[in-house]
Structure formats: structure tokens, C-alpha cells
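So the structure is just underneath, and the comments pick up after that.
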DNA sequence: AAATAACCGAGACGGTACGTCAAGTCTTGAG
DNA sequence: CTCAAGACTTGACGTACCGTCTCGGTTATTT
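Residue numbers (our numbering), protein chains in the order written: chain A, 793 to 984; chain B, 793 to 984; chain C, 793 to 984; chain D, 793 to 984.
Given below as C-alpha cells:
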């Protein structure tokens, strides 16, 4: 029992993969602004039409590519103390944002004016990891946390990390993560 | 003896003002990506040549326009308590970022790949207000602060505000500022 | 012994009709250049594959459609004088060319460079009516004609009519047909 | 005293020449349909925008190119008889149409549906030579002609020549020109 | 009855060219 | 040397068709 409207040649999923892979690699190489649809088509071996059949424009393509990238799996907070739990989460978050989200932020800025719906979609992707972390922390922390502590973590940690990368312009190295955990996150979580 | 730079027709400073004003108004209207040099030229009445004689490219123009905008005068923290001081600073910072820095962030993303120096300049502008605030807070707070508390404020407050605007996509209204002050900033400053 | 071409499902002749009808109507509406295979498929309800299985490309489709159109039946020259015979033939030819051959001329121009054989086929179609007329005139004229007179008619009459439509850009109304007959065709035929 | 509207960098006439030359040579090589704006840009060394600044679309470009081509100088009818005059004009017309007007006819067919004004312009170009001939013949013929004879020549001669080339598909060689003159044109002119 | 083979609709695919837009450079004439 | 105007090259945009190629599914003939 198949609906007759779902006919025609099905889309080639190999094309999907090739297109998104090419997008991600180009995004890492040249950034969002310099990324051209023509370059994505060339590298992926797909025709421009094939890309535009799937994604309305560049911002939508980048959003899809970033969404697909990683299953957003924060590490199991297997530490024996709250500090270890928070530290492993913060370190994972820092590397995740550094590597992947910077390009997405460019797409967000480009898209937020011209297409509010697309901007909303990109915000959802950006916050997906934060939400995942919140749940992880609140359920599996070594110490019981005050209500709202996890939400506070999800609000402050990504903010400070992004600020570090984008505005300060310096990498989130081990020293910074330690500072973030010891001077900002733990005091906040314990005080609440 | 005249220096060779004083040769020929001098630059018309009215042109400078017109160009930067047009840039700022367009930036507010359409955002960085949609801002075109041709539109700046049209609105300012200046020729494109005149703009490019002053600014190397679009990112540099936007950086100059934003730099010139407001003298970045944080309010005198005349409050009688630390909370009032912090609250007035945070409120000023939120409105300042909302109104002006969002466009600059777009320029920062566009410029950071193609010109590291320019990106550094834009970072400097973005952090100018933060620095001003730091000094203001540490010198004039109603209560004496622990060393490093002001730096922590400058690190966390703009980060959370930008995150709110860009990633969460919601405005920094009074309720949010109160939450920021009471749940994040004051605990941090007092704990240090 | 069965020929292998009789295998499988036979072609649906309804499809043929629908395709050629759609082609003719679109040809009349938008002309050869603006006629797209996709539009023919849409209007006829046939898939593009079904069209391309029958006709190699757009020019071949248009040629087939025009060939099928009218059986090219010039009227019986039942007039009582040579003038009436020539006039009825010229009037029929003028309306025939106006209505049908203009689109075919576009196909001819498009096809003559890329496929000489196709161009030849379209020329054959265009000249089919002329040949039919020649025979009709020479056999059934009210007056006996000099040898070669009919060929001359077939050479000059369509030429002047097409020139009128395409180059001059004016319609072949009754006044023009009278002019064509009295000032050009009859003098030629009588002089020969 | 210069009108202020005539300011700015003037158009580079070298570009004009290069564009029109490239158009004409491509037109002769591949015909109207296969002629692409990108190829014109490539061969002329001009950017596509430079072409589009001058000509609205392909049809307008081709029309301009053909208009510029030859000054349409029919030969002086220096013959000593009417037959020689008519023959030299017909021979010149045949070569002129063969070499240049076939591409223009393609443009005419493409343009007549989408832009009536452009079609009118191309018709004017096509008829320019005919008009020139008419004048030449009526003023300088070896024999005095009946009134209307020259108009008749201009109506019939190009028509039969174009019909020969386009519909019959055979070249206008010497034998054809002789046939045209002796069997069609002279009888018509003398009869009138 | 089952297998085979060509048909049909739908629509994805790699291409080519379209006509548009903006970026940043260059060329005038005037001041 | 500056300014306004605007032509120029470059390169990417997103769209429209082209002609080809799967798909699932439908008739016919052949075995």
C-alpha cells in the first residue's frame, strides 16, 4: 500500500552524504562567507541543481551540514566528584564549539535578517548540545544539585566559551577550561 | 616646508561623517550581510571611490562606523549598594550590545578569515566597553571587591548577554537583567 | 517467426495524440523558442521519458507535430477563370502559412545547424504544401498553362507570403492577397 | 557648459567593437541558437555584465551586431541594360542575405514573441538593404521604369532569395540568380 | 500461469546558460 | 590630491530547461 504521490526516482542518499561532507570540509577550510555553492558542487561531484533541490540556499545547506555532523554525545560524567563531572563537560563543550559551531554562527548571522525561520532552526541546532548537557549533568552528577543549577550551567558555560573564541579571540586551552570551571561554574553551581 | 601629505585637495570631513552615518543606519536596518557598499554610497551621497579611499573594504568600514558610534560611556554607578551598581552596569551593557554590537559581530565573522588584523581591530572595539566597565566597577563600587572580581564581571556579563541575543534569540528585558544580576553576577562577585 | 520489435507492451497511441496536440497548442501560444519540453509533458500528461522515447529532441518533436497537423488539402480550384483559381490557392496558402508554418520556421532555424538531416525533414514538410499546389494548379486550371508556370507559382507565392509575415511583419489580408495575385502571380504565369 | 548627466567614466568603445565582433564571428560559426552570451564574453574579453549593460538580451545583441556589420552598399548599377542592372542587384542581394541575414532571421524568430519592439527593430534592419536597392534601381536604371516597379522588385527579390536559402535549402549560385532575373524579375518589371 | 520485455508516470541527476547582484578597481571631468 | 559618476572585471547567486537515468508499476506477448 503505497501512496501514488510518493513516486518517481528516489533521491540518491550518496549525494546527500557527499554534499554535506563537502560542505563541512569547506566550512572548516574557508569559513562561512567564503564558502560558495559552486565549490560545494565541485567538491561533492553533485550538480548545483541537486544541492538546491535539497536546500533552499547557502544558509540552509550549512545548517543541515552542521546538524548532521556529530550526534552531540557529551561524555558520560563518570568522575567521582562534581568538579570532575563539570570539568569533563566543559572541556568537551569547548572543543565542540571550537571545532564546529564557529561556522554555524556565521550562517546564523547571515540568516537571521533574511529568514527568521532559518535563524530559529540554527539556534535550535546550537542549543541542542547545551540541552543534552543539562540533562546529563542533572541526572548523573556525583553530588546532588540544587534545582536550576543545570540550567544555569547550560546558560553560562557555552556563553563564556563562545565569548572567549569569538570576542577575545583566544583558544580554549586547558588553563582556560580550569579557570572556567573553578572560578565561574563551580561557584555558581554550589551557591545556588 | 610642507609635508607631502598636505598636497592637493584636502579630504572633505563632511564626507567622513556622511559615510559613517549612512553605514550605521544601514547596519541597523538590514544587518551586516545585506549591507552593500553601493547602498552606503547612495545614502551618504558619496561615490564608492571616496569610501574605498578611506576604508579598505566593507569590514573595515563597518568597524570604523561602530567605533565612532558612541563614546561608550557606562553610567556612573551611583547606587548605594553593590547590587544597584552591578544592575545599572548590566542594564547599560545589555542595551548597548543589543543596539550596536550585533552588526559588528557579523563584520567580525566576515573578517576573521580574510584578515586577522582587521578581526583583531574589531575584537578591540567589542571589548572596549567591557574594559571601561571593569575600571568603573572596581574603582567606584559601593562595596570593596575582591581582586579579580571586576575581571570576572567583564568576562561573564557580556558573554551571557550576547549568548542570550544571538543563540537564544530573545531580548534582554528587565526580567533577564534581574536574573543575570541576582543568579549569576552577584554570586560570582561575592564568592570570589 | 515474429519480429523482435513486437515484444513488450506496445506504445499507447493516446500518448502520441496528447503529446502532439500539446506541442501544437504550445507552439501557437508561445512560439518555438519559448516552448519547453517540460511544458509539453505537463500539458499532455505524459512523462518526459515518453516524449523522448518518440522524438530525439525538441526540433524533432515540433517537426512531427507540424507534419501531423493538417493533411494539407488545398482547395479544389473550381473557379471559372485562371484568376479565380490562383486567387483561391493563394488565399489558402496565406492562411496556412500564417497559422502553422511560422512555428516550424523557428524549429528549422534551431535545427539547421545541429542536425542537417532534421533540417532537411523540416524543409520537406514546409514544401509539401507547395508541391501539392503545383500539381493541383497544373492539372485543373481553367486555362492551359505554359510548362513551368506551376513551378514558378510554387516558387514565388510561398516566398512572398513568408516574406510578408516574417520580414515585413504585416498580416496577409485580403488586400495583400489580391495584390499578390494581380500584380505578381498572374503576370508571371501569363508571361511564361 | 556640460550637462551634469554626462558624467562618469565613459563607455570603452573598444569593448563595443570587441563585443560586436565576437558576436558576429560566433554567429557565423555556430548560428543564433547555439550562440551563448558566455561565449561572446569569453571571446571578446569583456565581462558578461558589460554586455548586459549595453544590450538587454541575446536578441538585442545580435540585432546590434548585424546592424553594424555592413553599410549595406548595393553596387552602382552601371550596366548598360536593365537586365545588367537587375542582375547585379540580385547577385549582390543574394550574397548579402546568404552571408549575413540568416543568423538575424534566427534572432527575429526568437525575439518576435517575447518583445515586439525588438522584432520590429530586426525587421527594420532586414529591410534596410531592400529599401536602399529600391531607390538605387528607380533612380539609376538604364531604362525608365513604370511606377511601382522598384517596389515590386524590393518585395519579390528578397522573398525568393530567402525562400531559396531557408526553405529549399540550396545555395544562390549563378544559375539561380540568372533564373531569378530572367524568369521572375524582368518579366515582372517589364509587365508593370 | 509465469516469465519476459517494453511501456508509462514521476522525478532525481549532471550539465549549460541564463540574467542579476555586489565587490573592489579604474577612468573620466571638475575643483 | 579629492570628489562624483559610473564603466569595468570578477565571481557567485539562484533559476530554467536540457536530455539521461532510475524507480515502482502496468500491459502485452511468449513460454
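Think of the CB as a built atom: it goes at the ideal place given N, C-alpha and C, for glycine as much as any other residue.
Check: Relative to chain D, which residues along the segment 896-916 of chain C have a C-beta separation below 8 Å, given in chain order?
Finding: 897, 898, 900, 901, 902, 904, 905, 906, 911, 912 and 915
Check: How about residue 903 of chain C and residue 851 of chain C: do their beta carbons lie closer than 8 Å?
Finding: yes
Next item on the list: Give the secondary structure of residue 932 of chain B by DSSP, where H, G and I count as helix, E and B as strand, and everything else as coil.
Entry: helix
Next item on the list: Would you mind stating whether residue 825 of chain D and residue 940 of chain D have Cβ atoms separated by less than 8 Å?
Entry: no
Notebook entry, point to check: Can residue 855 of chain B and residue 969 of chain B be called in contact, C-beta distance under 8 Å?
Noted result: no
Notebook entry, point to check: Taking Cβ-Cβ distances shorter than 8 Å, what residues in chain B pair up with residue 957 of chain A?
Noted result: Correct list: empty, because the minimum Cβ distance to chain B is about 10 Å.
Check: Using a Cβ-Cβ cut-off of 7 Å (strictly less than) and excluding sequence neighbours within five positions of residue 838 of chain C, which residues of its own chain qualify?
Finding: 807, 810 and 811
Check: Can a CB atom of chain B be found closer than 8 Å to the CB of residue 950 of chain A?
Finding: yes
Notebook entry, point to check: Are the segment 828-842 of chain C and the segment 883-892 of chain C touching by the rule of at least three beta carbon pairs closer than 8 Å?
Noted result: no
Checklist line | C-beta contact flag for residue 878 of chain B and residue 952 of chain A at 8 Å | finding: no
Next item on the list: With residue 950 of chain D as the anchor, note down where its alpha helix (DSSP H) starts and where it stops.
Entry: 941-954
Notebook entry, point to check: Along the segment 799-827 of chain A, what residues have a CB closer than 8 Å to any CB found in chain B?
Noted result: 822, 823, 824, 825 and 826
Margin query: Does the CB of residue 925 of chain C have a neighbour CB from chain D at under 8 Å?
Written below: no
Next item on the list: Buried or exposed for residue 803 of chain A, please, with buried defined as at least 16 other CB atoms from any protein chain shown within 10 angstroms of its CB.
Entry: exposed
Next item on the list: Figure out for me which residue from D/886, D/980, D/813 and D/916 has the closest Cα to the Cα of residue 857 of chain D.
Entry: D/813
Item checked: Cα-Cα separation between residue 977 of chain B and residue 874 of chain B, rounded to whole angstroms -> 11 Å
Next item on the list: Report the option in A/919, A/979 and A/925 whose CA atom is closest to the CA atom of residue 884 of chain A.
Entry: A/925
Checklist line | Distance, residue 921 of chain A Cα to residue 829 of chain A Cα | finding: 27 Å
Check: Which class does residue 922 of chain A belong to by DSSP, given the choice of helix, strand or coil?
Finding: helix
Note to self: Assuming residue 944 of chain A and residue 972 of chain A are in contact, meaning their beta carbons sit under 8 Å apart, how far apart are those beta carbons, in whole angstroms?
What the structure shows: Residue 944 of chain A to residue 972 of chain A, Cβ: 14 Å. No contact.
Check: With a CB to CB cut of under 8 Å and the five nearest residues on each side skipped, what residues in its chain are close to residue 962 of chain D?
Finding: 956 and 968
Notebook entry, point to check: Who are the near neighbours of residue 793 of chain B in its chain, counting only those whose CB is closer than 8 Å to its CB and skipping five residues on each side?
Noted result: Because the pLDDT of residue 793 of chain B is 42, which lies under 50, any placement of that residue in the model is unreliable, and the number read from its coordinates should be weighed accordingly. Excluding positions up to five away in sequence, the list is empty.
Checklist line | Neighbour list for residue 954 of chain B in chain A, Cβ cutoff strictly below 9 Å | finding: 951, 954, 955, 958 and 959
Next item on the list: Count the other CB atoms, across all protein chains shown, that sit within 10 Å of the CB of residue 888 of chain D; report buried if there are 16 or more and exposed otherwise.
Entry: buried
Check: Between residue 950 of chain D and the rest of its own chain, which residues show a CB-CB distance below 7 Å, the 5 nearest in sequence each way excluded?
Finding: 885, 889 and 922
Next item on the list: Determine the contact status of residue 835 of chain A and residue 818 of chain A, defining contact as a CB-CB distance below 8 Å.
Entry: yes
Next item on the list: Return the residues of the segment 958-979 of chain B that lie within a Cβ-Cβ distance of less than 8 Å from chain A, sorted by chain order.
Entry: 958, 959, 960, 961, 975, 976 and 979
Check: Just checking my contact of residue 822 of chain D with residue 905 of chain C at CB under 8 Å: how many whole Å lie between their CB atoms?
Finding: 6 Å
Note to self: If I follow the unbroken alpha helix (DSSP H) through residue 836 of chain C, where does it start and stop?
What the structure shows: 829-836
Item checked: Any chain C beta carbon closer than 8 Å to residue 983 of chain D -> yes
Notebook entry, point to check: Got a sec: is the Cβ-Cβ distance from residue 872 of chain B to anything in chain A below 8 Å?
Noted result: no
Check: So, helix, strand or coil for residue 823 of chain A, using DSSP?
Finding: helix
Note to self: If you follow the alpha helix (DSSP H) that residue 962 of chain A is in, where does it begin and where does it stop?
What the structure shows: It is not in any alpha helix (DSSP H) - residue 962 of chain A carries neither H nor E in the DSSP assignment.
Margin query: Assuming residue 843 of chain A is part of the alpha helix (DSSP H), what are its boundary residues?
Written below: 840-846
Next item on the list: Could you check the C-alpha separation between residue 975 of chain A and residue 983 of chain B for me, to the nearest Å?
Entry: 9 Å
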